[in-house]
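In the numbering used here, the protein residues as written are -2 to 454.
Beta carbons are placed, not taken as given, at the ideal position from N, Cα and C, and that holds for glycine.
See structure below.
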Amino acid sequence: MKKDPRVTAEQIIAAVGGKENIVSVMHCATRLRLSLKNTSKIDIENIKKAPGVAGYFEKSGQHQIILGTGFVNKVCDEVQKITGIYDEQDCQEVSTNETTGKFQQLTKMISDIFIPIIPVLLATGILMGLQSFMTNGLHIEFDDNLNTLFNVLTGTAYTFIPVLVTWSACKKFGGSPILGIVLGLMLVSPNLPDKWNVVNGLAEPLKFALGPITLNVTGYQSSVIPAICLGWFAATLEKKLHKIIPDIVDMLLVPFLTLLISLLLGLFIVGPVLSAIEKGLTDIILSMLQLPFGIGGIVYGGGIQLLCSVGMHHTVTPIIVSIYAETGLDFINPMGSAAIAGQLGAGLAIVMMTRNKQKRANMIPALIPALFGISEPVMYGITFPLIKPFLMGCIGGAAGGAFAGIVSLAAKGTGASMLPGTLLYLQGGMIQYLLVLVISIGVAYLLTRIVMKGKVE
């Protein structure tokens, strides 16, 4: 029977205490994410009974309802229509009774900034794979105009990633998104020396003398961490200026001062400091991933789903983007796919061991999204509640990650994983990538069968 997003939305709203109890409405790739005024009104069992709901959990002050890709967008739209809450900015001044730690707030903030950007990065990764397949797999030769077109399609998102990040950050922190866009464009202005050209000795930075100190200024192409901080600063500054500047000149002075102060701070202070920190973190992660015997792959492949289980996996997204922007390779991609494949293998084992036909039929849909890189349904719906299968899935991910590290496997693009991720290996490494998936699924499947023998109904 076809799922009706309106019916699902209405049942979810009723189960969380009505639309008056909802503070914010958001969604990620698979989950509807609600913040509530009073959590005592929530009925978890009725949430789980809503059509299309694959699971529920609460983390960092958010009630997250697993609906799966595609369907979650439709349900979120319906919830927003019913509640009238279309943007987290609408509810920033409303306090809730949830208490979260500082680190949890940080991870939620990073997640909220990057969730709107991830589809663009995913689309760019697929385009990179298609370009590679046509040029290296099919040996198609394109003329200069078509090559230029492909470069526009595959290079724009990462060259202008600061624009996407400052836009999303400004929106997240309650500022004007358009000011975030303009600030990001200023950071990558063609009038500034390109950062990578300066690094490679092809251009000189702008030099500003402040007494005995000389400041070198470049553009911030492909920079992520400085863009996050400047987006936050611009939004915060804009809101403060609105409070102190008279209404008669508000429209003129607030945008002017916000952009001027934010840009100067970014170019001369925040940008250089945070770019150095970003470079240091990138170098550290790259060094870890390249440790001998696949140690880096074991750590990442085995540990990333632990972070995912507590909603902290997006903390690594800025580093992934920075590494790809710097090297043109995504070393983390195969290890991340290994982690998802491990959960798929563990979930598949539980499904195969389940004797109750109805329970088995209900579990099977949770496996399918994992094939396309979405691990939450199988993790929250099957493996995580049973603990041991989840841990066996992590071990499977560590095994596949170790193999990826040993063979120094890296994707030629980024954003896609599992089966869609094969597009990123058409230029080379396809066999190794498929072996990573097979190893992860196989190890997790076998270990889960062993530890759960006689424990599944």
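Cα separation between S186 and V117?
-> Walking along the sequence shown from the start, residue 186 turns up at place 189. Walking along the sequence shown from the start, residue 117 turns up at place 120. So the two alpha carbons sit approximately 21 Å from each other.
Within 10 angstroms of its Cβ, does S37 collect 16 or more other Cβ (buried), or is it exposed?
-> Residue numbering aside, residue 37 sits at position 40 when the sequence shown is read from its first letter. Looking at its Cβ environment, which holds fewer than 16 other Cβ atoms inside 10 Å, S37 is exposed.
Test item: CB-CB of I63 and Y377 under 7 Å = Within the sequence shown, the letter at position 66 stands for residue 63. Within the sequence shown, the letter at position 380 stands for residue 377. Result yes, Cβ atoms of I63 and Y377 sit closer than 7 Å.
How should D280 be labelled, buried or exposed, when 16 other C-beta atoms within 10 angstroms of its C-beta is the threshold for buried?
-> If you number the sequence shown from 1, residue 280 lands on position 283. So D280 ends up on the exposed side.
Q287: buried (16+ other C-beta within 10 angstroms of its C-beta) or exposed?
-> Taking the first residue of the sequence shown as position 1, residue 287 is located at position 290. Exposed: under 16 other Cβ atoms inside 10 Å.
Sheet register partners of H24 (DSSP bridge) | On the sequence shown, position 27 is the one that residue 24 refers to. Answer is L29, bridged to H24.
Let me know the secondary structure DSSP gives Q86 once reduced to three states.
-> Taking the sequence shown and counting its residues from 1, the one referred to as residue 86 is at position 89. Note that Q86 has pLDDT 42, beneath the 50 cutoff, so the model's placement of it is unreliable and the number below is only indicative. Residue state, collapsed to three classes: helix.
With DSSP as the reference, label E75 as helix, strand or coil.
-> Here residue 75 is taken as the residue at index 78 of the sequence shown, counted from 1. Helix.
Taking three-plus beta-carbon pairs below 8 Å as touching, is the stretch 378 to 396 in contact with the stretch 413 to 426?
-> no
Compare the beta carbon distance of A401 and P331 with 7 Å and say whether it is the shorter of the two.
-> Walking along the sequence shown from the start, residue 401 turns up at place 404. Walking along the sequence shown from the start, residue 331 turns up at place 334. Yes, Cβ-Cβ distance for A401 and P331 is below 7 Å.
With a floor of 4 residues, list each alpha helix (DSSP H) that falls wholly inside the stretch 191 to 268, ordered by position along the chain.
-> 192 to 196, 222 to 241, 244 to 262
Rounded C-alpha distance that separates E17 from K236 = For the purposes of this step, residue 17 is identified with residue 20 of the sequence shown, where counting begins at 1. For the purposes of this step, residue 236 is identified with residue 239 of the sequence shown, where counting begins at 1. Whole-angstrom Cα-Cα distance: 26 Å.
Cut-off 8 Å between Cβ atoms - residues of its own chain near S219, not counting five sequence neighbours on either side = Taking the sequence shown and counting its residues from 1, the one referred to as residue 219 is at position 222. Around S219: Y155, T156, I158, P159, K192, W193, V318, S319, A322, E323.
Applying the criterion that 16 or more other CB atoms from any shown protein chain within 10 Å of the CB defines a buried residue, is A338 buried or exposed?
-> Translated into the one-based positions of the sequence shown, residue 338 becomes position 341. Buried, since its Cβ has 16 or more Cβ neighbours within 10 Å.
Determine, using beta carbons only, whether G398 and G298 come nearer to each other than 7 Å.
-> By one-based count along the sequence shown, residue 398 stands at place 401. By one-based count along the sequence shown, residue 298 stands at place 301. It is a contact, given that the beta carbons lie within the stated cut-off.
Short check: CB of V4 to CB of P48, under 7 Å?
-> Numbered from 1 along the sequence shown, position 7 holds the residue referred to as residue 4. Numbered from 1 along the sequence shown, position 51 holds the residue referred to as residue 48. Yes, the pair counts as a contact, with Cβ atoms nearer than the cut-off.
At which residues does the alpha helix (DSSP H) containing Q424 begin and terminate?
-> Translated into the one-based positions of the sequence shown, residue 424 becomes position 427. Premise fails: Q424 is in no alpha helix (DSSP H) and is neither H nor E.
Contained alpha helix (DSSP H) runs [length at least 4] in the stretch 106 to 138, N- to C-terminal order = 115 to 129
Just to confirm, are V214 and L264 a CB contact at a threshold of 7 Å?
-> What you label residue 214 is simply residue 217 of the sequence shown in a count that begins at 1. What you label residue 264 is simply residue 267 of the sequence shown in a count that begins at 1. A contact, by the Cβ cut-off of 7 Å.
Give the range of the beta strand (DSSP E) segment to which F54 is assigned.
-> As a working mapping, residue 54 is identified with position 57 in the sequence shown. Run containing F54: 52 to 56, per the beta strand (DSSP E) assignment.
Are G65 and P366 touching if we call contact CB-CB under 7 Å?
-> Locating residue 65 in the sequence shown gives position 68, counting from the first residue. Locating residue 366 in the sequence shown gives position 369, counting from the first residue. Contact flag set, yes.
Given a cut-off of 7 Å, decide if I242 and V251 are closer than it, judged by their beta-carbon atoms.
-> In the sequence shown, the residue the question calls residue 251 occupies position 254. In the sequence shown, the residue the question calls residue 242 occupies position 245. For V251 and I242, yes; Cβs fall inside 7 Å.
Beta-carbon proximity check, C167 vs G228, cutoff 7 Å | Sequence index remark: in the sequence shown, residue 167 carries index 170 (1-based). Sequence index remark: in the sequence shown, residue 228 carries index 231 (1-based). In this structure, G228 lies closer than 7 Å to C167 by Cβ.
Going by the CB atoms, is the gap between S414 and G333 shorter than 7 Å?
-> Mapped onto the sequence shown, residue 333 falls at position 336. Mapped onto the sequence shown, residue 414 falls at position 417. Result yes, Cβ atoms of G333 and S414 sit closer than 7 Å.
Nearest-angstrom Cα separation, counted from P362 out to P386 | For the purposes of this step, residue 386 is taken as residue 389 along the sequence shown, with counting starting at 1. For the purposes of this step, residue 362 is taken as residue 365 along the sequence shown, with counting starting at 1. So the alpha carbons of these two residues sit roughly 18 Å apart.
Under the three-state reduction of DSSP, which class applies to Q287: helix, strand or coil?
-> As a first step, residue 287 must be located in the sequence shown, where it is residue number 290. In this structure, Q287 counts as coil in the three-state DSSP scheme.
Alpha carbon to alpha carbon, what distance is there between F147 and C88?
-> Here residue 88 corresponds to residue number 91 of the sequence shown, with the count starting at 1. Here residue 147 corresponds to residue number 150 of the sequence shown, with the count starting at 1. Caution applies to C88, whose pLDDT of 39 falls short of 50 and renders its modelled position unreliable; the value that the coordinates give is listed next. The alpha-carbon atoms of C88 and F147 are separated by roughly 41 Å.
Can you give the Cα-Cα distance for I222 and L161, rounded to whole angstroms?
-> Residue numbering aside, residue 222 sits at position 225 when the sequence shown is read from its first letter. Residue numbering aside, residue 161 sits at position 164 when the sequence shown is read from its first letter. Whole-angstrom Cα-Cα distance: 12 Å.
Give me the Cβ distance between I301 and A336, rounded to the nearest whole Å; I'm assuming they're in contact under 8 Å.
-> Indexing the sequence shown from 1 puts residue 301 at position 304. Indexing the sequence shown from 1 puts residue 336 at position 339. Indeed they touch by this definition, with Cβ atoms about 5 Å apart.
Return yes when the Cβ of L119 is within less than 7 Å of the Cβ of G412, no when it is not.
-> Looking up residue 412 in the sequence shown gives position 415. Looking up residue 119 in the sequence shown gives position 122. Yes; because the gap between Cβ atoms is below 7 Å, this pair is in contact.
Between which two residues does the beta strand (DSSP E) harbouring I62 extend?
-> If you number the sequence shown from 1, residue 62 lands on position 65. Looking at the DSSP string, the run of the beta strand (DSSP E) that includes I62 is 59 to 63.
With V69 and T27 assumed to form a contact (beta carbons below 8 Å), what rounded beta-carbon distance in angstroms separates them?
-> Within the sequence shown, the letter at position 72 stands for residue 69. Within the sequence shown, the letter at position 30 stands for residue 27. About 6 Å separates the two Cβ atoms, so the contact holds.
Of the choices P417, G390, I428, M389, whose alpha-carbon is the least far from that of V404?
-> Here residue 404 is taken as the residue at index 407 of the sequence shown, counted from 1. Cα-wise, what sits closest to V404 is I428.
Element boundaries [alpha helix (DSSP H), containing A346] = Along the sequence shown, one-based indexing puts residue 346 at 349. Segment 329 to 350, the alpha helix (DSSP H) holding A346.
Whose C-beta lies closer than 7 Å to the C-beta of M389 among residues of the same chain, with five residues either side of it excluded?
-> Your numbering for residue 389 matches position 392 in the sequence shown. A343, A441, L444, T445, V448, listed in sequence order.
Assuming L33 contacts V13 under a Cβ cut-off of 8 Å, what Cβ separation, rounded to an integer in Å, is found between them?
-> Numbered from 1 along the sequence shown, position 36 holds the residue referred to as residue 33. Numbered from 1 along the sequence shown, position 16 holds the residue referred to as residue 13. 6 Å between Cβ atoms; contact.
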